[in-house]
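Enquirer: Going by this note's numbering, the letters in the sequence shown line up with residues 9 to 441, in that order.
By construction, the Cβ of each residue, glycine as well, lies at the ideal position given by its N, Cα and C atoms.
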Amino acid sequence: MYFHIFISNCNHLADILLLLFSDLRVTVLIISAILGVYWIFYVPCNWTKSLQSVGYMPAVNSINFWKRINSCKQHSINGFRRPRLIGITELPPPYPNGWYCILESSSLIAKNVTYVSCLGEHFVVFRTFDGQVNVLDAYCPHLGANMGLNGQVKGDNIECPFHQWSFRGSDGTCANIPYSHTEPKGIKVRKWICREINDGIFIWYHSENEKNHWELPFISAVDNKELVFHGRNEFYINCHIQEIPENGADLAHFPSIHKAFLLTGLEKRGEHLISRIVQHHWEAIWSTSVSPKTHVATLDLKHSIHLFPKFNILEVNVQAKQIGPSFVHLHLKSSLFGQIEILQTITPVEPLIQKVVHRFYAQKFFGPLIKLMIFAESVMFERDIVMWNNKTYRSKPQLVKEDAAIKNFRNWFSQFYTENSKSFLESRSALDW
Ligand code: FES
Ligand SMILES: [Fe+2]
């Protein structure tokens, strides 16, 4: 009898499915819904913005086609003017000493080679057959070919595409010149100290050529895959690298820039009705660490969303560790979604162009919520970008006593500059050829 009921249920189900799929529009709708649900739960999202698309108001706001062309033109003109406006004579060196993420691990599969240009340097990055990542200077010491473009991985070595000289990944020495009978003694390219950690490939950059003084932390939930990668965002920003971490110590900007509800724009943000109904509240403390972790500073942040604006509907505690000049580990805890880890990396592509990436990790089934969070974080971060893209740099800002953390931040950050850190003008002249 149960068997009969089962068979008849199956028949019903088959009939219903047949009925639904007989109409093409319904079929498309069902398949889209299934794909949509799959995407929202399981596919990492990618929110990327180019340099022009955030923070240059005329280009973003204009809807008229002709106006848009004009504003883009204006933007390019501004591109040339910006270095003069940004406080050129007051700027600190553009490349502080520390670890920099030059590539995300997923961009480099085994036996692959790529070329990366940042920090005023040119790198060939390659992954050997057994998964080891090596970073060498990109230009071959023979006749200067770029080994990052069409170079080939041969075992643990990289082979130059021009005349097939081969260089060891472990130390950059020349291992083989296929058409020569002489030993390639003393021929080498620079080998960069690198680490693959927390889904990123990092190099150690130091103006005095010193070895790394400290290591990046191993974030176990990320590296051991206890948490799942749910997505990333990526921005290019026109400012000095120091401006971005300074944001964490700039406590007064939180209520000013980030209080208005995220669906309102930055301009006229206080006037929207929704801003009076929903508000973001922030309590922030910025502090430095003692030896041997003097390269670490911490921002303890309590973020809450208020309704009307008395009712606290969501509270998130964030601990943001600024580790050296370019890496931030944000650890979030909430009763709603448990543990979330966000990793921020900043890479100076040029003296005043920063590539910023945030990668988001959380438990497996929190896909929809984390996507919402990526949207929210991106919108909030874009409010900062509007400021960074258009501000000048003040080496001696007029501060009040409530701004004390900014002064402390600048003292702390100055440890990443040393005697031979190239000035902005020296770094810039390397680009003018
Ligand atoms: S330029 Fe690289 S082998 Fe000749
Ligand atoms: Fe901010």
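Output the residues surrounding ligand 2, defined as those with a CB atom closer than 5 angstroms to any ligand heavy atom, in chain order.
Expert: N255, D392
Enquirer: Flag this pair as yes or no: are the beta carbons of D258 and I94 separated by less than 8 angstroms?
Expert: no
Enquirer: Within 10 angstroms of the Cβ of F238, are there 16 or more other Cβ atoms? Answer buried if so, exposed if not.
Expert: Reading off the sequence, residue 238 comes out as His, not Phe. Buried, since its Cβ has 16 or more Cβ neighbours within 10 Å.
Enquirer: Rounded to whole angstroms, what's the CA-CA distance from R436 to P376? Just pull it up for me.
Expert: Cα-Cα distance, rounded: 43 angstroms.
Enquirer: Going by DSSP, name the residue or residues bridged to E323.
Expert: S312
Enquirer: According to the neighbour-count rule (16 or more other Cβ atoms, all chains shown, within 10 Å of its Cβ), is D308 buried or exposed?
Expert: So D308 ends up on the exposed side.
Enquirer: Do you know offhand how far S431's Cα is from F131's?
Expert: Rounded to the nearest whole angstrom, the CA to CA distance from S431 to F131 is 21 angstroms.
Enquirer: What I want to know is whether the C-beta of Q160 ends up closer than 7 angstroms to one or more non-hydrogen atoms of ligand 1.
Expert: no
Enquirer: Starting from N398, trace the alpha helix (DSSP H) both ways and give me its first and last residue.
Expert: 375-398
Enquirer: Pull up the distance between the alpha-carbon of F137 and that of F417, whole angstroms please.
Expert: 43 angstroms
Enquirer: What is the rounded straight-line gap between the Cα of H337 and the Cα of N255?
Expert: 15 angstroms
Enquirer: Determine, using beta carbons only, whether N241 and S386 come nearer to each other than 8 angstroms.
Expert: yes
Enquirer: Report the CB separation of P102 from I249 in whole angstroms; it is logged as a contact under 8 angstroms.
Expert: 7 angstroms
Enquirer: So which of G139, V324, E323 has the shortest CA-CA distance to I117?
Expert: Cα-wise, what sits closest to I117 is G139.
Enquirer: Where DSSP assigns a beta bridge to R203, which residues make up the other side?
Expert: F210
Enquirer: Within a Cβ cutoff of 8 angstroms, which residues of the same chain sit near N54, ignoring the five residues on either side of it in sequence?
Expert: G239, R240, N241, E242
Enquirer: F170: beta carbon under 7 angstroms from a heavy atom of ligand 1?
Expert: F170 Cβ: within cutoff of ligand 1.
Enquirer: Mind listing, in chain order, the continuous beta strand (DSSP E) runs of no fewer than 3 residues lying wholly within the segment 205-258?
Expert: 208-213, 236-245
Enquirer: Between H289 and H314, is the Cβ-Cβ spacing less than 8 angstroms?
Expert: yes
Enquirer: By alpha-carbon positions, which one of T355, N320, H266, F368 ends up nearest to L235?
Expert: Cα-wise, what sits closest to L235 is F368.
Enquirer: Where does S334 land, buried or exposed, given buried means 16+ other C-beta within 10 angstroms?
Expert: buried
Enquirer: Use the C-beta contact count for F73: other C-beta atoms within 10 angstroms, 16 or more gives buried, fewer gives exposed.
Expert: Only weak support exists for where F73 lies, its pLDDT of 42 falling under 50; the value from the coordinates is given anyway. F73 is exposed by the Cβ-count criterion.
Enquirer: Under the rule that 16 or more other beta-carbon atoms within 10 Å means buried, what is G152, buried or exposed?
Expert: exposed
Enquirer: Does the beta-carbon distance from Y147 to T355 come in below 8 angstroms?
Expert: no
Enquirer: Less than 8 angstroms between the CB atoms is what I'm expecting for I209 and V304, so what's the real figure, rounded?
Expert: Contact doesn't hold; Cβ gap of about 21 angstroms is too wide.
Enquirer: Using DSSP bridges, identify the partner residues of H130.
Expert: S125
Enquirer: How would you write the range of the alpha helix (DSSP H) that L351 sits in, first residue to last?
Expert: Unbroken run through L351 is the beta strand (DSSP E), 346-358; no alpha helix (DSSP H).
Enquirer: Give a single yes or no on whether H150 has its beta carbon closer than 7 angstroms to a heavy atom of ligand 1.
Expert: yes
Enquirer: Check for me: the alpha helix (DSSP H) holding A183 runs from which residue to which?
Expert: Where A183 is concerned, there is no enclosing alpha helix (DSSP H), although the beta strand (DSSP E) it sits in stretches over 182-184.
Enquirer: In angstroms with no decimal places, state the Cα-to-Cα distance between P169 and E218.
Expert: 31 angstroms
Enquirer: Examine ligand 4 and report whether any of its heavy atoms sits within less than 7 angstroms of the Cβ of A146.
Expert: With respect to small molecules bound, the structure shown includes ligand 1 and ligand 2 and not ligand 4.
Enquirer: Along the chain, where does the alpha helix (DSSP H) that runs through I94 open and close?
Expert: No alpha helix (DSSP H) contains I94, which DSSP labels as neither H nor E.
Enquirer: Select from K199, N206, N246, Q423 the residue whose C-alpha is nearest the C-alpha of V143.
Expert: K199
Enquirer: Quick check on this structure: which residue in G177, E349, T400 has the alpha carbon closest to the alpha carbon of L99?
Expert: It is T400 whose Cα lies nearest to the Cα of L99.
Enquirer: In angstroms, rounded to a whole number, what distance separates the CA positions of S215 and F226?
Expert: Spanning the two alpha carbons is a distance of roughly 25 angstroms.
Enquirer: Following a CB-centred definition, is W173 positioned closer than 7 angstroms to any heavy atom of ligand 1?
Expert: yes
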